[in-house]
Every structure is written in structure tokens, then in C-alpha cells.
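Since the structure comes first, as C-alpha cells, the remarks are kept for the end.
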Amino acid sequence: MGKWTVWIRGVGGIVWGPYMLVFITALGVWLTLRTGGFQFRRLGTVLRQTVGSLFGKGRRGPSDRGISPFQAVSTALAGTLGTGNIAGVATAIVAGGPGAVFWMWVSAFFSMMTKYAEVVLAVRYRERGGDGTYRGGPMYYIQKGLGTPWLGAVYAVFCVLASFGIGNATQVNTMAAGLRDSFGIPAAATGLGTAAAVCLVIVGGIRRLGGITQVLVPVMAVLYMGGGCLVLGANAAQLPGALALIVKSAFTPWAAAGGAAGYGVMQAVRFGVSRGVFSNEAGLGSASIAHASADAAGPVEQGLWGIFEVFVDTVVMCGFSGLIILSSGDLWLSGLDGAALTSAAFTRVLGPEGGWVVAVSMLFFAFSSVLGWAWYGECALGWLTGGSRPCLTLYRLLYVAAAGLSAGLSLDFVWNLSDVLNGLMAAPNMLALICLSGQVVRMTRDWEQK
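The number in the numbering used here is simply the position in the sequence shown, starting from 1, with 1 added.
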């Protein structure tokens, strides 16, 4: 297994090397240019038609055709808001310096258009499932838009496999580690509890999943950000210096720890962009599967929720974690990494209760990712098998079993394999986005003219 881990890690280094990161970023820049900076020009419209619609008279609820637009974005955020928002940001700072946060933000603003294009195409080419609800995603627009069903099948296979890795095993394992370290809960108990909870949710299909995530996502965001605001309030005097450090480090190479550890601009760019992509999943196409299930007014209207999703996930949540860490003095140079570093920043201000906040937040974040990816994998398998009920039932059973068995595993191999599968998902999806971008531009212009 050790040799396989080394080999998979090497493949992952190639798949997620600088060329892939440049390609993903360039795609977002290209879509931004082709739409005339749509996400910047229409920022007010995006906020009014997403957050604003939740409080207006025109609020759309679920119907017999699908879930509401807010439930769809909640399900998508359930898949993207994961351990990366807490642990991944800390890893980016340790590996690339504070400037990584700046480049994470930059990549996010362009990734908004990548996610927007994915959602627009997913709604444009979706179909009605056997239960009357909508089904869509990259496999649909690759098949119907490009006319290449074999490439759609390649995407769907990788999506199903990735759902067991990055969407299930890695999340449950991280959740179990946090609960064990903070509360002494055995990993086996976490695995069994997670498996039971996942089973209760996914047997109800997308309607039950949407109903759960529309409550779970706001609750976990309020919990984490509520505790984080207390930390930032205590560190208010250090916030201007933290922001200045982020900007300065993004453009200036410098040495830390007396010159023992150096941080270059390219390190900041590399880790900021890569962690941003892993966090918001723009380019993978996975979240568009959830958006396609919405009973939306139209493709562009739901695409606005895709822009909002990236904004919340990367600009707000990842930036929030970065400021918490960097406003805590030189804690990020202490040798801690990942969730342990974020937890230490909370604990420094809130005491042991701060560690509990991070542990419980990790529980919610990881569990929401498990739920979101369950739907992604099920939709991809349904597309491959023509909606075969026995196949979907078998998938659900295997997914629940994987959640129960993953808590106590050593997942270095699974993490690296999941990275590879994510990269392989991105390749056919980005090819489709390039080829179908003209349709995205036309639909966007038509919507703006109306």
C-alpha cells in the first residue's frame, strides 16, 4: 500500500500541477471577459435575486418538479463547505504564507463565472427524473450539448468514485478525529452514528436532502462564524496588520522564523489558487448537479446562485478562517497545521470552549459534505444506468457502509486518490465549458436585455 500511495501521490502532483491550476484560473478569466465582467457588473443583482429573494414576496419554495433555488444552493454548499474551509485554509497559510489568502480571494472572483457557467448549462440541459424531479449536471450537458455521450460517461464514472473518497471517507475520518480529540468519542461510534444519519436522509431523495441542508448549512455557518467573531473581536487591534500582511505577502517574497522558513510569491499563488479550487469546486462541475434540481425560473436565474455559492464558500468562509489565524499573532509559525492550527487560534481567545466550537463546526461541515456528495454520486450513477432502481439502491447501501467504516481508517491513500479523481472529473467538464461557452454568453445577454 505504501508504494501505491507514493505512486498515486505522484499522479496527483501531475493532475493538479501548475498547468491544471493555470487552466482553471484562465477559464474563469476567459468567461469573465466574454461576459463583460458579469459577476462584477451585476453584483447588486446577484445579491437581490439570491439573498434578497429569501425575504421578498416572490420567494420560491419547493414544488413537485424540484426543490427551491435556496435548497439547491444549500445542497451545493453542503457539498463544497467542508473541512477545507477550516483545515484547508490553515494548510495554505502554512505552506504558502499569508499571501495565499489573497490569491485565494482572487481565484474565487474568477471562479464565480466558472461555477455560473456550470449551473447555467446544467439547468439548460437537465431532464425530468422518474420521480418527477429534475436531474442535470456535466454528464447531461456533455452528452446533449457536445454530442459526446462517451465523454459524459467518463465524467460520471469519476464522479461516482470520487463520491466515496473526497465526499465520504475523507470527511468522516476528519470528523471522527476531531470528535475523538475534543470529546473522547470513539471513532467507531462516530462512524456508526454518521452511517445511520446519512441513511435516514438519502432514502428520502433530493426533497428530504434539500429540506435538511437548508437548515443545516445556515446553522453551521452561524455556529462557526459566531465563535469566530468573538475571536476577531478580541483580536481587533491585530486585524489591520493581518490584512496588510496578506496583501504584502501576496506580492513580496520574505523570510520568516529568522530566515529558517522562506515564502515566495509563487508559493502564495500556488497554494492560494489550489486551496480555493478545492474549496469551491469550480471547474469540477459537481455542485451543478444540485443546482440542476432546483425549480428555478431559468438557467441564468439559478446561475446567480452559483456566483453566490462561490462568494460564500471562498471569499467569506475561507477568508474568515484566514483572518482568525493571522490575527492571532505568530501562531501560524508555531509548527501547527490544518484544523489543529485553527483550533489553537480559537482556544487562545475562548479557552477550551474554542476547541469545542471548531470540533463541532468540523462535524457539521464534514457531515454536510457527505450528504451533498451522496446526491452527486447518485445522480451520476442514475445517468449511467438509466435510473436503474437496483443500482441506485446498491449505491446507497455502499455509501452508508463506507460512512460507517471510514472513521477509523488511515486515509492517506484515499486522500491522494480522491485528488486524482477530482482532477480527472475536471478535465471533461472544462472541455465542455469551453465548447459551450458561446451558449452561456448568449443566454446571459438575452437575460440582461430582458
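For every residue, glycine included, the Cβ atom is placed at its ideal position computed from N, Cα and C.
Would the beta-carbon of Gln172 fall within 7 angstroms of that of Val371? Stepping through the sequence shown from its first residue, residue 172 is reached at position 171. Stepping through the sequence shown from its first residue, residue 371 is reached at position 370. Yes, they are a contact pair.
On the premise that Val12 lies in contact with Val421, defined as a C-beta separation below 8 angstroms, what is that separation, rounded to the nearest angstrom? Residue mapping note: residue 421 aligns to position 420 of the sequence shown, counting from 1. Residue mapping note: residue 12 aligns to position 11 of the sequence shown, counting from 1. The Cβ separation is near 5 angstroms, so the contact holds.
Are the beta-carbon atoms belonging to Ala170 and Ser407 less than 7 angstroms from one another? Position 169 of the sequence shown holds residue 170. Position 406 of the sequence shown holds residue 407. Contact: yes.
Taking 6 angstroms as the limit between beta carbons, can you name the residues of its chain near Ser112, skipping five residues before and five after? Your numbering for residue 112 matches position 111 in the sequence shown. If we look at Ser112 and ignore the five residues flanking it on each side, its Cβ neighbours are Gly29, Asn281, Ala283, Val311.
Using a Cβ-Cβ cutoff of less than 7 angstroms, which residues in the same chain neighbour Ala433 once the five nearest sequence positions on both sides are dropped? Numbered from 1 along the sequence shown, position 432 holds the residue referred to as residue 433. Contacts found: Pro139, Tyr142, Ile143, Gly146, Leu147.
How do the segment 231 to 251 and the segment 320 to 328 stand: do at least 3 beta-carbon pairs fall below 8 angstroms, yes or no? yes
Candidates Val401, Ala428, Met363: which alpha carbon is nearest Phe184's? Here the question's residue 184 lines up with position 183 in the sequence shown. Measuring from the Cα of Phe184, the nearest candidate turns out to be Met363.
Less than 7 angstroms between the beta carbons of Ala375 and Trp104, yes or no? Along the sequence shown, one-based indexing puts residue 375 at 374. Along the sequence shown, one-based indexing puts residue 104 at 103. No, Cβ-Cβ distance for Ala375 and Trp104 is not below 7 angstroms.
Outcome for Ala258 when other beta-carbon atoms lying within 10 angstroms are tallied against a minimum of 16: As a working note, residue 258 is residue 257 in the sequence shown. Residue confidence for Ala258 is low, a pLDDT of 49 falling below 50, so the modelled location carries little weight and cannot support an answer.
Here's the rule: buried if 16 or more other CB atoms are within 10 angstroms of the residue's CB, otherwise exposed. What is Cys230? Looking up residue 230 in the sequence shown gives position 229. Looking at its Cβ environment, which holds fewer than 16 other Cβ atoms inside 10 Å, Cys230 is exposed.
So, using beta-carbon positions, are Leu32 and Ala96 closer together than 7 angstroms? On the sequence shown, position 31 is the one that residue 32 refers to. On the sequence shown, position 95 is the one that residue 96 refers to. In this structure, Ala96 does not lie closer than 7 angstroms to Leu32 by Cβ.
If you check the beta carbons only, do Ala27 and Gly277 fall under 7 angstroms apart? Taking the first residue of the sequence shown as position 1, residue 27 is located at position 26. Taking the first residue of the sequence shown as position 1, residue 277 is located at position 276. Cβ distance not < 7 angstroms, so Ala27 and Gly277 don't count as in contact.
Excluding sequence positions up to five away, which residues of its chain have a Cβ less than 8 angstroms from the Cβ of Gly260? Taking the first residue of the sequence shown as position 1, residue 260 is located at position 259. Any reading at Gly260 must be qualified, since the residue scores a pLDDT of 43, below 50, and its modelled position is unreliable; no value is offered.
Decide yes or no for the touch test of the segment 190 to 200 against the segment 391 to 409: beta carbon pairs closer than 8 angstroms, at least 3 of them. yes
Considering only the beta carbon of each residue, do Gly405 and Leu193 sit closer than 7 angstroms? On the sequence shown, position 404 is the one that residue 405 refers to. On the sequence shown, position 192 is the one that residue 193 refers to. Contact: yes.
Exposed unless 16 or more other CB atoms sit within 10 angstroms - verdict on Met431: As a working mapping, residue 431 is identified with position 430 in the sequence shown. So Met431 ends up on the buried side.
Under a three-way DSSP split, which group does Arg127 fall into? Taking the first residue of the sequence shown as position 1, residue 127 is located at position 126. Reduced to three states, the DSSP call for Arg127 is coil.
Runs of 3 residues minimum, wholly inside the segment 166 to 241: which ones carry the beta strand (DSSP E) assignment? none
CB-CB length for Tyr225 against Ile290, believed under 8 angstroms: Translated into the one-based positions of the sequence shown, residue 225 becomes position 224. Translated into the one-based positions of the sequence shown, residue 290 becomes position 289. That pair is no contact at about 25 angstroms.
By the three-class DSSP mapping on this structure, what secondary structure does Ala283 have? Mapped onto the sequence shown, residue 283 falls at position 282. The answer is coil: DSSP assigns Ala283 none of H, G, I, E or B.
If you compare alpha carbons, which of Arg10, Ile94, Val204 is closest to Ala243? As a first step, residue 243 is located in the sequence shown; it is residue number 242 there, counting from the start. The residue with the shortest Cα to Cα distance from Ala243 is Ile94.
Proximity winner among Gly439, Ala340, Arg443, relative to Asn174 (alpha-carbon distances): Residue 174 sits at position 173 when you count from the first residue of the sequence shown. Residue Ala340 is the option with its Cα nearest to Asn174.
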